[in-house]
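Participant: Can you read through this structure? Questions will come right after.
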Amino acid sequence: MAVLPIRKYGDPVLRTRAKEIEPSEISGLGALIDDMVETMYAEPGVGLAANQVGVSQRLAVIDLTVGEEPGSVHVLINPEIVESEGEILEEEGCLSIPDFVELVSRPERVRVTYLDREGTAKEMWGEGLMARAICHEIDHLNGVMFVDYLRGMKKDRILKRIQKLIKTGDWY
Ligand code: NI
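The structure is reproduced here in C-alpha cells:
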C-alpha cells in the first residue's frame, strides 16, 4: 500500500469527466482502492475520488470515521445519485483545494447506486455529511469542484488566493 500524491486545483485531470468502469476491470482495482483509502486516511480526509490521484475512472472512497471504525469505508464504483431530498448549507472543503472551506448547499439525503469492490450492485441512502460526501465525490468524477458553486466576491477571493499560491510555487 502507498500514500499517493493528491492532484490540486488547476490540474486538468480534475476537470475531466472520469470514465465508467467495466465490470471486467473491477478485479484489477484492488491495489488502487487500497492506496486511495490509505491516502485518504493519511491526509486526513473523509472522501477521495480516483481523479484526485490522477486516475480518470469512476471510483471513489468515503469513510466518515477516517479509519477510526473498522468496516466503515465505502468503495463506490460508477456511483450515481438516483434520488435526493432536502437541502443543507454547510462548510465544505476538499483535499485538492487544501486549507480552504466555504459554505456549499447540498441535498440532505441522497440515494446512490454503485458497484462495490467485489462488483456487486448496491444502493444506499446517505444523510447529512454522508450525502455531502457522496455529492462531492461524484462531482469530482464529473470534473466539478466545490468552488464552482461559489458566486461573486467569495469566488473571486478564493480563486485569486489559489492563483497566488500557484504563482509562488506553494500549491503543487
Ligand atoms: Ni474534494
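To convert, count from 1 in the sequence shown and add 21; that's this note's numbering.
Don't be surprised by glycine CBs; every beta carbon is placed ideally from N, CA and C.
Keep in mind the model is a prediction, meaning the values are calculated, not measured.
Counting pairs of Cβ atoms below 8 Å between the segment 89 to 107 and the segment 176 to 186, do you hit three or more?
Facilitator: Touching, no.
Participant: CA-CA distance, alanine 81 and glycine 107?
Facilitator: By one-based count along the sequence shown, residue 81 stands at place 60. By one-based count along the sequence shown, residue 107 stands at place 86. Distance between the alpha carbons of alanine 81 and glycine 107: 23 Å.
Participant: Are there any heavy atoms of ligand 1 lying less than 6 Å away from the beta-carbon of cysteine 115, as far as the coordinates show?
Facilitator: Start at 1 with the first residue of the sequence shown, and residue 115 comes out as number 94. Cysteine 115: yes, Cβ under 6 Å from ligand 1.
Participant: Assess, as a yes-or-no matter, whether the segment 140 to 148 is touched by the segment 66 to 82 under the definition of 3 or more beta carbon pairs within less than 8 Å.
Facilitator: Touching, no.
Participant: Could you give the DSSP three-state label for threonine 60: helix, strand or coil?
Facilitator: Counted from its first residue, the sequence shown places residue 60 at position 39. Reduced to three states, the DSSP call for threonine 60 is helix.
Participant: Determine the DSSP secondary structure at leucine 172, reduced to helix, strand or coil.
Facilitator: The residue labelled residue 172 in the question sits at position 151 within the sequence shown. Residue identity check: residue 172 is arginine in the sequence provided, not leucine. In this structure, arginine 172 counts as coil in the three-state DSSP scheme.
Participant: Determine, using beta-carbon pairs with one atom in the segment 151 to 168 and one in the segment 52 to 64, whether at least three such pairs fall under 8 Å.
Facilitator: Contact fails: fewer than three Cβ-Cβ distances are below 8 Å.
Participant: With a threshold of 8 Å, are at least 3 pairs of Cβ atoms found where one atom belongs to the segment 41 to 54 and the other to the segment 115 to 133?
Facilitator: In short, these stretches do not touch, since the Cβ pair count stays below three.
Participant: What whole-angstrom Cβ distance do methionine 166 and isoleucine 118 have, given they're in contact under 8 Å?
Facilitator: Counting from one through the sequence shown, the residue named residue 166 turns up at place 145. Counting from one through the sequence shown, the residue named residue 118 turns up at place 97. The pair is a contact, with the Cβ atoms about 7 Å apart (cut-off 8 Å).
Participant: Need the endpoints of the alpha helix (DSSP H) that isoleucine 109 sits in, please.
Facilitator: If you number the sequence shown from 1, residue 109 lands on position 88. Not the alpha helix (DSSP H): isoleucine 109 falls in the beta strand (DSSP E), residues 109 to 113.
Participant: What number of angstroms, rounded off, separates the C-alpha of tyrosine 170 from the C-alpha of alanine 52?
Facilitator: Here the question's residue 170 lines up with position 149 in the sequence shown. Here the question's residue 52 lines up with position 31 in the sequence shown. Rounded to whole angstroms, tyrosine 170 to alanine 52 spans 33 Å at the Cα level.
Participant: Under DSSP, the beta strand (DSSP E) around isoleucine 98 begins and ends at which residues?
Facilitator: On the sequence shown, position 77 is the one that residue 98 refers to. 95 to 106 is the extent of the beta strand (DSSP E) around isoleucine 98.
Participant: Determine whether the beta carbon atoms of leucine 85 and leucine 150 lie at a separation below 7 Å.
Facilitator: On the sequence shown, residue 85 is found 64 positions in, with the first residue counted as 1. On the sequence shown, residue 150 is found 129 positions in, with the first residue counted as 1. It is a contact, given that the beta carbons lie within the stated cut-off.
Participant: When we look at the beta-carbon of proline 100 and count the other beta-carbons within 10 Å, is it buried (16 or more) or exposed?
Facilitator: In the sequence shown, residue 100 corresponds to position 79, counting from 1. Proline 100 should be labelled buried.
Participant: Taking valine 74 and leucine 25 to be in contact with their CB atoms under 8 Å, please state how far apart those CB atoms are, rounded to whole angstroms.
Facilitator: As a working mapping, residue 74 is identified with position 53 in the sequence shown. As a working mapping, residue 25 is identified with position 4 in the sequence shown. About 4 Å separates the two Cβ atoms, so the contact holds.
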